[in-house]
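A.B. asks: Okay, so the sequence shown: first residue is 2 according to my numbering, each after it adds one.
For glycine and all other residues, C-beta sits at the position ideal for the given N, C-alpha and C.
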Amino acid sequence: MSMSVSSNHFVNLAAPGIQALQPYLPGKPVAELEREYGITDAVKLASNENPYGPSPLALNAAREVLDDLSRYPEGSGWLLTGRLAEIHGLDREQVTLGNGSNDVLDIIARVFLTPAHEAVFSQYAFAVYPIAVQAAGATACIAPAHDGSRGPAYGHDLDAMSELVGPDTRLVFIANPNNPTGTWLESDELEAFISNLPAHVMVVVDEAYFEYVDKPSCPDASNWLQRFPNLIVTRTFSKAYGLAGLRIGYALSDPQVAGLLNRVRHPFNVNAVAQVAALAALDDSEHLQHSVRRNHEGLAQLVAGFRKLGLPYIESAGNFVAVETGRGMERYEALLQQGIIVRPVANYGMPDHLRVTVGRADENARLLAALEKVLT
Ligand SMILES: Cc1ncc(COP(=O)(O)O)c(C=O)c1O
């Protein structure tokens with residue numbers, strides 16, 4: 002083919018939603034920072050990963066399956082979907098596996114959204130929602146978050162979200178708790194919100210951080226699936242289960258909805274190693290509880306340090322906390338120089354905050370010491 006290609010020739014050929022799409026910004030990898038700054042002991046507190054790693058049972062199961070890698074994985078994830086159904090008191094037909102819960106969120110958007118449709122989510126909500134909605138060519142309707150007068154500042158304002166639901170709305174995304182704010186919704190308010198949604202609206206409750214939550218009023222939305230057939234709950238093995246690198250998550254829904262998700266899902270979207278590791282991880286409640294307990298201690302350590310430094314932060318129910326340092330991008334760069342990777346959240350409209358993942362005690366201490374240094 003001989004033709005001259007202008008600088009945006011292929012962009013103009015892309016589907017309308019994709020043309021203006023900004024890609025997801027992942028946390029900076031440790032190896033990249035170490036290469037750039039010539040250091041060896043960088044600490045990454047940037048991607049809400051479990052600093053204690055996965056369960057040893059999961060690692061053993063993963064190793065055992067390596068001899069069989071010439072085989073395709075179990076396409077339907079028979080063993081894992083069965084076990085997840087048992088744990089949640091549901092039928093296997095209600096479980097859809099994904100290559101991370103991110104995959105599931107994208108599948109949901111592709112199933113329910115077209116350029117004629119709208120999806121509602123909150124200001125400061127997880128960055129994958131606008132990407133999934135825009136990639137489907139649909140319109141994102143973004144509700145202002147609480148300003149602190151009627152609910153926790155930066156948190157989802159369900160009344161404001163309700164107001165945006167109209168005849169063209171097909172999806173509502175709710176992160177509970179939300180990333181990057183760490184804010185969470187109470188059981189009563191979320192239940193009332195879902196029960197008031199019209200029947201043509203699907204609601205996704207993204208519970209990626211569910212295992213970390215220690216707030217008694219924060220619900221397990223999977224308990225409501227029987228009552229609300231338009232509800233989809235998503236979970237992941239990337240956070241408290243420490244399996245982010247294997248990419249595995251899942252959706253719980255009405256069987257008819259799961260049937261639709263399965264039409265779009267790639268046949269082998271969850272690899273064989275991830276399936277067996279996740280299955281084994283579910284049997285190690287000790288490791289999970291240890292990770293969760295340590296996270297609460299680490300979160301307490303971080304917020305005590307922020308208080309000492311006089312830095313406001315947003316109360317968090319997850320394994321991360323958004324702290325207001327002012328001039329987030331500058332602070333982020335200065336922390337990189339100290340060998341610490343956190344996440345700037347200017348792309349979320351929070352230019353004065355940094356999101357810090359809860360690390361091990363020594364990592365948290367290093368972050369606090371580095372923060373003190375860069376602030377003075
Ligand atoms: C709120 C929320 N949902 C979903 C995800 C996606 O995680 P994964 O695709 O690793 O399951 C994340 C990851 O950071 C998240 O913060």
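#1: Starting from His354 and walking both ways along the beta strand (DSSP E), at which residues does that stretch end?
#2: Using only alpha-carbon positions, find the residue among Arg151, Ile132, Tyr130, Ala273 that is nearest to Glu65.
#3: Could you give the DSSP three-state label for Val204: helix, strand or coil?
#4: Please state whether DSSP places Leu253 in a helix, a strand or coil.
#5: Looking only at its own chain, which residues have a Cβ that is under 8 Å from the Cβ of Glu208, when we skip the five neighbours before and after it?
#6: Less than 8 Å separating the Cβ of Phe269 from some heavy atom of ligand 1?
#7: Just how far apart, CA to CA, sit Asp160 and Thr182?
#8: Please confirm whether any heavy atom of ligand 1 lies closer than 8 Å to the CB of Ser48.
#9: For the beta strand (DSSP E) that contains Val274, what are its first and last residues?
#10: With DSSP as the reference, label Arg266 as helix, strand or coil.
#11: Report buried or exposed for Ile88, applying the criterion of at least 16 other Cβ atoms within 10 angstroms of its Cβ.
#12: Here's the rule: buried if 16 or more other CB atoms are within 10 angstroms of the residue's CB, otherwise exposed. What is Ser218?
#13: Locate the beta strand (DSSP E) running through Ile233, then write down its first and last residues.
#14: Could you name the residues whose beta carbon sits closer than 5 Å to any heavy atom belonging to ligand 3, keeping them in chain order?
#15: Flag this pair as yes or no: are the beta carbons of Gly299 and Gly360 separated by less than 9 Å?
#16: Could you check how far apart the C-beta atoms of Ser48 and Thr358 are, in whole angstroms? I think they sit under 8 Å.
#17: For Leu114, which option in Asp148, Leu172, Pro168 has the closest C-alpha, if you only look at C-alpha atoms?
#18: Please give me, in chain order, every unbroken run of the beta strand (DSSP E) with length at least 3 that falls completely inside the segment 133 to 157.
C.D. replies: Let me lay it out:
#1: 354 to 358
#2: Ala273
#3: strand
#4: strand
#5: Asn177, Asp221, Ala222, Ser223, Val234, Thr235, Arg236
#6: no
#7: 19 Å
#8: yes
#9: Counting along the chain, Val274 falls outside any beta strand (DSSP E), though it belongs to the alpha helix (DSSP H) covering 273 to 282.
#10: coil
#11: exposed
#12: exposed
#13: 232 to 237
#14: Ligand 3 is absent from the structure shown, which contains only ligand 1.
#15: yes
#16: 7 Å
#17: Leu172
#18: 140 to 144
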